[in-house]
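K.L.:
The sequence shown: position 33 = 279 (the numbering used here), numbered continuously.
Even glycine gets a Cβ: it sits at the ideal position worked out from N, Cα and C.
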Amino acid sequence: PATACLFAQCFLDAGLPAGVLNVVFGDPDEVSRTLVLSPITRLVTLTGSIGVGKHLTRLAAETMKPVLMELGGHAPVLVDEGVDAEEVARLATNWKFRMAGQFCSAPSRFLVHESVYENFVDSLAAKARALKVGDGFADGVQMGPLANNRRLGAMADFVHDAVARGARV
Numbered sequence: 247p248a249t250a251c252l253f254a255q256c257f258l259d260a261g262l263p264a265g266v267l268n269v270v271f272g273d274p275d276e277v278s279r280t281l282v283l284s285p286i287t288r289l290v291t292l293t294g295s296i297g298v299g300k301h302l303t304r305l306a307a308e309t310m311k312p313v314l315m316e317l318g319g320h321a322p323v324l325v326d327e328g329v330d331a332e333e334v335a336r337l338a339t340n341w342k343f344r345m346a347g348q349f350c351s352a353p354s355r356f357l358v359h360e361s362v363y364e365n366f367v368d369s370l371a372a373k374a375r376a377l378k379v380g381d382g383f384a385d386g387v388q389m390g391p392l393a394n395n396r397r398l399g400a401m402a403d404f405v406h407d408a409v410a411r412g413a414r415v
């Protein structure tokens, strides 16, 4: 919540009139219903999960409000011939494992030109193996914990799927 409050404060400090941008706290379902069903609201937009997007879309449908959703993003990385595959692997590792990969623009797949494939895969694997995982607030830790227990099940599903497709863990 502090980040949202600071973000709103920046707008106020820049001269946005009070009341134009508001940070609302409360029960998510109650807040969603109140805002989406309000006659003042003319468009419902969300960047977030598919589940929340479906919920808000159903609410918006009750009053025929348009929706604009960016849900469950996929962020492919294109690795073309002629690139420095080791540098791309370094950057990709930083982005893939930031916040334990739990943000919408985390790379979800890599499309790699055959001429740099082996070098890229070897570099990416080496960099992933070298990541220091632990307490996200500890010095030197590069990847902290999952956001919540629900994510643990999702991660287990990803691992099972990868193994079923031939990955070695």
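Cβ atoms of S284 and L305: under 8 Å apart, would you say?
P.N.:
Their beta carbons are not under 8 Å apart, which means L305 does not touch S284 by this criterion.
K.L.:
Using the C-alpha atoms, what's the distance from L267 back to T339?
P.N.:
Approximately 36 Å, taken between the alpha carbons.
K.L.:
Could you tell me the alpha carbon to alpha carbon distance between D326 and L314, rounded to whole angstroms?
P.N.:
Taking the straight line from one Cα to the other gives about 32 Å.
K.L.:
Just the C-alpha distance for V282 and L324, rounded to the nearest angstrom, thanks.
P.N.:
If you take the alpha carbons of V282 and L324, they lie about 38 Å apart.
K.L.:
For G328 and L370, I'd like the C-alpha separation in whole angstroms.
P.N.:
Taking the straight line joining both Cα atoms gives about 17 Å.
K.L.:
Are three or more beta carbon pairs between the segment 395–403 and the segment 360–375 nearer than 8 Å?
P.N.:
With the cut-off at 8 Å, the segment 395–403 and the segment 360–375 do not touch.
K.L.:
Relative to the alpha-carbon of D381, which residue among L392, H359 and D273 has its alpha-carbon at the smallest distance?
P.N.:
Closest option to D381, Cα to Cα, is L392.
K.L.:
Rounded to whole angstroms, what is the Cα-Cα separation between V334 and V298?
P.N.:
Between V334 and V298, the C-alpha separation is close to 33 Å.
K.L.:
Tell me the residue span of the alpha helix (DSSP H) that contains M401.
P.N.:
Element bounds for M401: N395 to A410.
K.L.:
Assuming R336 and K373 form a contact by the criterion Cβ under 8 Å, report the distance between their Cβ atoms to the nearest whole angstrom.
P.N.:
Yes, R336 and K373 are in contact; Cβ-Cβ is about 6 Å, under 8 Å.
K.L.:
Residues in the same chain with beta-carbon distance under 7 Å from L317, minus the five sequence neighbours each way, listed in chain order, please.
P.N.:
If we look at L317 and ignore the five residues flanking it on each side, its Cβ neighbours are G294, S295, I296 and G299.
K.L.:
Which residues share a DSSP beta bridge with V323?
P.N.:
For V323, which the question treats as bridged, DSSP gives the partners F356.
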